[in-house]
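Q: The structure is given below, and queries will be raised subsequently.
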Amino acid sequence: MATTKENAVPPGMENFTIGLIGMGDMGRLYALRLAAAGWRIIACDRQDKYESLQDEFSGKKNITILRDGHLVSRASDYIIYSVEAAAIGHVVKEYGPSTKQNAIVGGQTSCKDPEIKAFEAFLPSDVDIVSCHSLHGPGVDTRGQPLVLIKHRASDESFAKVETVLRCLGSKHVYLTAAMHDRITADTQAVTHVAFLSMGKAWHASQQFPWEGARYVGGIENVKINLMLRIYAQKYHVYAGLAITNPEARRQIAQYAASTTELFKLMLEGKADELRRRVYAAKDKVFGTPEHPKWEETPLLDDGLLDRFGLGERPEHTLPNNHLSLLAMVDCWSALGIVPYDHMLCSTPLFRLRLGVTESLFRDTAKLDEALRVAVDDNTFRSDDLEFTFAARGWAECVSLGHFETWKERFVVTQNFFKPRFAEAKEVGNAMVKALLETRDDDDDDDSKQQQRRVESLCESKARTAAAIFCLESQPNGGTDPMGIFNQKAGFKIATPTVRKVLVPIEIAKLKPKPRDASSAPPTFRSGSNAGGRAGTSSQTHTTSTVSPRASVSSANRKSQSPYPASSADERQRGRGIRNGDRKRKLVSASAHRSSPASDRIDFDGDSDTGDEDWEAALNAQEQRKRLRLRSNHSVDLDRRLVHPVLRGTLPGNGTKEDGGDKVCGDEGKGEGEKPQEQNAPEPDLIHAESVASVALKCVPVLNAAVEDVLVELQYPGSPHRERYELVWGKDKIDAVKDIKTIIRYIAEVYLTDEQASPFLDPTTGIVRQLERASSDTVKDVNMFKAALRDFNSRLLALHSNGTLATNLSLRHDLPSHLVAFILDQVYDRTVAPKVELLRKYENGTDNVYGELLHPFVTDILVERLKMTSGQVFVDLGSGVGNVVLQAALEVGCESWGCEMMENACNLAEEQKKEFAARCRLWGISPGEVHLERGDFRSNAPVQRVLKRADVVLVNNQAFTSQLNDDLVRMFLDFKPGCKIVSLKSFVHDHKSASHNINDVGSTILDVETLRYPEGYVSWTGAAGSFCISTRK
């Protein structure tokens, strides 16, 4: 790959720092090329890759590797997220709130819809958004290749800076909107990809290497086979992200399956005339008529040239082919009104190969007529066509359901079938691409003129003008134009900016806490992402850089005392494994640095759908399981009934639906099958937020509110009764402004359809937007805030009263883990947090030591690993204040038991249970039954009885004495076979002497699996550790 000239940084930008989040193949490409041009680069990937990346780039000039995206975001003037489209929401949610003030942020994802949504949701309003996408893989020379630039939310000055930085790549700048980018990438890749994926699937189903027979040989067949192998040689997510996350791609893939099916039926029915009319009509729409052709004078592919690039020997006699895959491709383009030549501005060598193989068939009338004749009269390929049709429909169904895991399974099994030939296919394919480029170089001048005319024609069209497509000549350093299509003048000019100098220290800084009035929007979790928002300043006890005074994402900002990760991005501990030392609930000090559990679950990628090099995994297994649990029906407990009996009374018919015998703690007196009526339900006995955060408790009013104006009420979905808040801020107190915005967003995203949520979430006029504007640092208008809140209360109460909320919730069977965490936060912050000092009163050296498994750990165990359902029984032996018991009841919906002997912990657990019942009522959620027992679980009769039917038993035996552990093993004798026992230490002795194992009861009755949990999963240490899941034999 050609190197870039040194010292390309213009005067005035010497201190301009570029941050790269994600050091996959494309991230590495950008880092090396930009650094070679003299730009200062700081970069990161997942934290477990920190040391290896440091070693790899230790000798590279201008490149510094940092530990995580928080540090990169805080110290960079221009940040590029180079991650897979499926992961962009998680990553931006994690690191976006740390973005340096007035910085520029962009992404390299192949689908801009989720990227832009993530930027808008999680980036501060002062940050400019200029996205990009190199339309090629990491193994391709960037010079002359298309580079899409998207000025989504940015000043001309910021946009000019981005162009100045990226000019060293020597790419051709193509200016699009985000929507047009996704449309073009879908138009140029979705249909062709699914066609070649289906070819591979069909050949795999027939157990044939197509090049070994007489069916698939010659120029067109060589291209088809090589492109198929090239696609399957990639990681599965390269094309899954484009197909599943791009709405336009989903529509096109569905149409391709329909076109394939309909054409195949015409073949089977022998309707030659109808087949011919349909194919030729599609040909005219896509390729033009003979009088007005849309293709160039010179074919994209030359059959004679491509005959050289076959994997097998060409037989003396070849068999004719009906080319169903290519016929369906053109039929699909015709049905959708797609003319692929319109997008030659964004073409790559591989796109021209895919288009060229189709064009080759349709340019030659004799060849096309022969294919149509064979389609009806010759059954040679009939079985292959059948398999191909099945494959196309299978991919379309997978995409329509959004099943990444199903896509992966379909892809990988076929990938393994062809894997032995990948190396040879890559060598042949690269030679084919090289030959294609060489032939195109000979026709540069003619192509340039024709493409210029096409661009002018497109710009005259209203539809294309609205898309804002402009082509700018950007060819520094002697870059060539192998496609001959980028000789147009700029569609617009940007004035040379006056660039301010910014000194960006990366040293650690500690800032004093101060009140923060607002934060940006909390996150969505329609796709299962965690919460996020804008951070304020905070005091920190761990060594995390806080260069920007608005950059910290510490949990100290929200001041929640909950052991669960907070729900707004500036407090959620997904990006910060440890709780800050100034939080009361933290009972032990932690290590100096804690990596993010979320970072351990997110992998970064050089995202490019046309990449030909190996890719890293887009997400690790845990994040993949989490998304699938939210998106895939087969992972959802369909027996779970979420609607609280009281909320069910608002359903049409006023409670005539069967209650199903739900028992909800706190709703005593309601027998099975009762139909509670909403209007008769008493007010929930809850602890209002004003009771723990108020002016009376020395909190400070926010939003420039007078003391008499701080009281507000907030409507919830499950009850007409409201919670009282005071709009105040105080250290270690509930932040009312953040909580209110988070609750409103969660309600809109979980309880409402997209259409119903629009008045709440519309980015321009929605209630959340009004609240954000009213609470912004530059406005701080309490009256505006309260007016928007009144509007929300009124709208939600109407939806509650007419049964809309109950109806929508009844269609769900699970809750996003982030909503679970938030509700449990609310319970903890109002009950345990004000009295957390009581938990310090235990005797060292005994079994009475307090420690917590944090929310992500519990979700990982109960939901993702053990896949508990609402019909099962969970028991926590040594349940403390009841955190895990309540989480199991809420997140799983199962019968949940706990037993604790420490008096203070028992008292707090009872308070939590009471508040938990009230909160579930407010949210309209029906949890599983909750039972909390006091005393020694070894002698507690109810606990002994329930253990005999328990499905999962948790024993946090990290600090248990050996005697207690031995007693527990004897208790396991009464457990039913198959019962899962989760513990921090194994109950099976690891003695080397065989004589010791003879009396080891644990090894006799338990099958033990030892696993690892990442940093930030338990309260007593910042380090990762091990745990065990034992199965009763």
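Note that our numbering has the sequence shown beginning at 395, numbered continuously upward. Even for Gly, the Cβ is constructed at its ideal location relative to N, Cα and C.
Thinking C-beta only, is A637 closer than 8 Å to A599?
A: No, these two residues do not count as a Cβ contact at 8 Å.
Q: Taking the Cβ atom as the reference point for each residue, do D522 and R547 lie within a distance shorter than 8 Å?
A: Yes, these two residues count as a Cβ contact at 8 Å.
Q: On a Cα-Cα basis, can you pick out the residue from I412, F816 and W689 that is closest to D758?
A: When each option's Cα is compared against that of D758, the closest is W689.
Q: Figure out for me which residue from F1354, N1359 and V1402 has the closest Cα to the Cα of K1374.
A: The residue with the shortest Cα to Cα distance from K1374 is V1402.
Q: Relative to the alpha-carbon of L1097, which residue among Y1140, E1166, H1082 and A1142 has its alpha-carbon at the smallest distance?
A: The candidate whose alpha carbon is nearest that of L1097 is E1166.
Q: Mapping DSSP to helix, strand and coil, what is Q1109?
A: DSSP places Q1109 in strand when its eight states are reduced to three.
Q: Whose C-beta lies closer than 7 Å to the C-beta of Y424 among residues of the same chain, with five residues either side of it excluded?
A: Taken in chain order, the residues that qualify are L414, I474 and S476.
Q: Looking only at C-alpha atoms, which of I1399, D1156 and E1084 sits nearest to F1381?
A: If we check each option's Cα against that of F1381, I1399 comes out closest.
Q: Helix or strand or just coil, what does DSSP make of D1061?
A: In this predicted model, D1061 has a pLDDT of only 39, less than 50, meaning its place in the structure is not dependable enough to derive any value.
Q: On the three-pair Cβ rule with 8 Å, is the stretch 659 to 679 touching the stretch 720 to 730?
A: Touching, yes, given that three or more Cβ pairs across the two stretches are closer than 8 Å.
Q: What's the call for M593, buried or exposed, on a 16-neighbour Cβ count within 10 Å?
A: With 16 or more Cβ atoms within 10 Å of its Cβ, M593 is classed as buried.
Q: So, with DSSP's three-state summary, where would you put K566?
A: Strand, per DSSP.
Q: Would you say the beta carbon of E1304 is closer than 7 Å to some non-hydrogen atom of the ligand SAM?
A: Questions concerning the ligand SAM fall outside what the structure shown contains, since it holds no ligand whatsoever.
Q: Quick one: what's got a C-beta closer than 8 Å to L1191's C-beta in the same chain, skipping five residues either side?
A: Around L1191: Q1109 and P1114.
Q: Along the chain, which unbroken stretches of the alpha helix (DSSP H) at least 4 residues long are found entirely within the stretch 1340 to 1401?
A: You should have 1356 to 1365, 1388 to 1391 and 1395 to 1399.
Q: I need the boundaries of the alpha helix (DSSP H) containing K1308, first residue and last residue.
A: E1297 to W1317 is the span of the alpha helix (DSSP H), which, as asked, contains K1308.
Q: I'd like to know whether the C-beta atoms of S1290 and V1275 end up nearer to each other than 8 Å.
A: No, the pair does not count as a contact, with Cβ atoms beyond the cut-off.
Q: Run the CB neighbour count on G1372, radius 10 Å, all protein chains shown included, and call it buried at 16 or more, exposed below.
A: Classification of G1372: exposed, given that the 10 Å Cβ count is below 16.
Q: Counting beta carbon pairs with one atom in the stretch 490 to 508 and one in the stretch 1126 to 1138, are three or more of them shorter than 8 Å?
A: No contact exists between the stretch 1126 to 1138 and the stretch 490 to 508.
Q: Less than 8 Å separating the beta-carbons of G1318 and L1146?
A: Taking 8 Å as the Cβ cut-off, G1318 and L1146 do not qualify as a contacting pair.
Q: Alpha carbon to alpha carbon, how far is L1078 from T639?
A: A small correction: the amino acid at residue 1078 is Pro; Leu does not occupy that position in the sequence shown. Roughly 41 Å separates the two Cα atoms.
Q: Quick one: what's got a C-beta closer than 7 Å to L1367's C-beta in the same chain, skipping five residues either side?
A: Same-chain partners within the cutoff: I1399.
Q: Across which residues does DSSP place V1094 in a beta bridge pair?
A: DSSP lists W1123 as partners of V1094.
Q: Using only the alpha-carbon positions, how far apart do H1249 and N1298 sit?
A: So the two alpha carbons sit approximately 22 Å from each other.
Q: Have a look at the DSSP bridge pairing and note the partners of R1118.
A: Looking at the DSSP assignment, R1118 forms a beta bridge with E1107.
Q: Rounded to whole angstroms, what's the CA-CA distance from V770 to G635? Just pull it up for me.
A: Looking at the two C-alpha atoms, the distance is approximately 37 Å.
Q: In angstroms with no decimal places, state the Cα-to-Cα distance between V1226 and F1251.
A: So the two alpha carbons sit approximately 20 Å from each other.
Q: DSSP on F1331, reduced to helix/strand/coil?
A: Coil at F1331, not helix or strand.
Q: In the DSSP assignment, find the alpha helix (DSSP H) that holds D1171 and state where it starts and stops.
A: Taken as a continuous stretch (DSSP letters only), D1171 belongs to no alpha helix (DSSP H), as it is neither H nor E.
Q: Roughly how many angstroms separate the alpha carbons of K1307 and Y1222, rounded to a whole number?
A: Approximately 10 Å, taken between the alpha carbons.
Q: Grab the span of the beta strand (DSSP E) containing G526 for me, first residue to last.
A: In the sequence as displayed, the identity of residue 526 is Cys instead of Gly. C526 -> beta strand (DSSP E) spans D522 to S528.
Q: Kindly indicate which residue of R624, S1088, G1419 and Q1357 has the alpha-carbon position closest to the one of T586.
A: Per the Cα distances, R624.
Q: Measure from the alpha carbon of D442 to the alpha carbon of each residue in W433, F451 and D462, then state which is nearest.
A: Comparing Cα positions, the closest option is D462.
Q: Should P532 go down as buried or exposed, given a rule of 16 or more other Cβ atoms within 10 Å for buried?
A: It counts as buried.
Q: Where do the ends of the alpha helix (DSSP H) carrying G635 lie?
A: Looking at the DSSP string, the run of the alpha helix (DSSP H) that includes G635 is H631 to T639.
Q: Using CA coordinates, which residue listed in I436, V807, A1099 and N1187 is at the minimum distance from V1173?
A: When only C-alpha atoms are compared, the closest one is A1099.
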